[in-house]
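Working notes for the structure below.
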Amino acid sequence: MFWAALPALMLHQFEEYVFPGGFLPWFNKEVFRSGSETSPISPKFALILNIFVGWPVFALVGFLGLDHTWYTMPAMGILFVNAWFHIALSISSARYSPGTFTSIMVLLPLSLYTFYYYVMTWEIGFRQLFIAVTTGLVLHVLMLTIPRELIHAREKRQERQQTSDNNS
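For reference, each letter of the sequence shown is one residue, going 1 to 168 in this note's numbering.
This is the structure in C-alpha cells:
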C-alpha cells in the first residue's frame, strides 16, 4: 500500500498542473486572494516542493513501508488531509479545485483503506493514527499561513515605500 502513495501523488499532481491543470493560479487567486496567478506561490517553488521534496519523500515511504510506520503513516496523513482540503475548498467556493477528482477517487480511498487496514490488523494504534492525521493538518496549516504572512509582509513594505515616496 505504501508503494501506491507515490503514483497516487503523481497522478494527483498531474490533475493539478497538467490536465486539466490550473491549480497554482487558482490556489494563489482563490485561496490567498493575492490577485496574482504566480504569487505567493511561484511555479518554481511549486516545482521544487512537489518534485524535489514531495516525490523523494513519498518514494522513501515506499521503501520504508510497514517497518517504519512512524514515518510512513504521517505521509498517508498528508494525502488524507490534502484530499479533504480539495474537497472542502470545492464545496466552500462552489467551484472545482484542480485536484479534487483524484482526491475523491484516489487519495481519499488509498489513505482511508491504509488507515483501516493497519488499525484493524493492529499494526498501528489510534494514537499513531491521530499523529498521522495531525501531521497532515499541521503541514497544510503551515502551507496556508506562511505564504499569507509573506503576502502581508510584502503589502506592508509596499505601503511603507509609498508613504516614504509621498513624504519625499
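Don't be surprised by glycine CBs; every beta carbon is placed ideally from N, CA and C.
The shortest C-alpha to C-alpha distance from Tyr113 to any of Trp84, Phe80, Pro98 is the one to Phe80.
By the Cβ-count criterion, Ile78 is buried, with 16 or more other Cβ atoms from all chains shown falling within 10 Å of its own Cβ. Within its own chain, the residues whose Cβ lies closer than 7 Å to the Cβ of Ala132, once the five positions on either side in sequence are excluded, are Met73, Pro74, Met76, Gly77, listed in chain order. Scanning Glu16, Arg33, Pro147, Ile48 for the CA closest to the CA of His86 turns up Glu16.
Judged by beta-carbon spacing, Val61 lies within the 9 Å limit of Ala5, meaning their Cβ atoms are closer than that value. Ranked by Cα distance from Met1, the first of Leu139, Ser93, Pro109 is Pro109. Per DSSP, reduced to three states, the secondary structure at Ile87 is helical. For Gly136, the uninterrupted alpha helix (DSSP H) segment begins and ends at 126–167. Take Glu30, set aside five residues on each side of it, and the residues of its chain with a beta-carbon closer than 7 Å to its own are Ser93, in chain order.
In the DSSP annotation of this structure, the continuous segment of the alpha helix (DSSP H) that includes Lys44 starts and ends at 43–47. Around the beta carbon of Val141, fewer than 16 other beta carbons lie within 10 angstroms, which makes this residue exposed.
Between Ser103 and Trp84, the C-beta spacing is below 9 Å.
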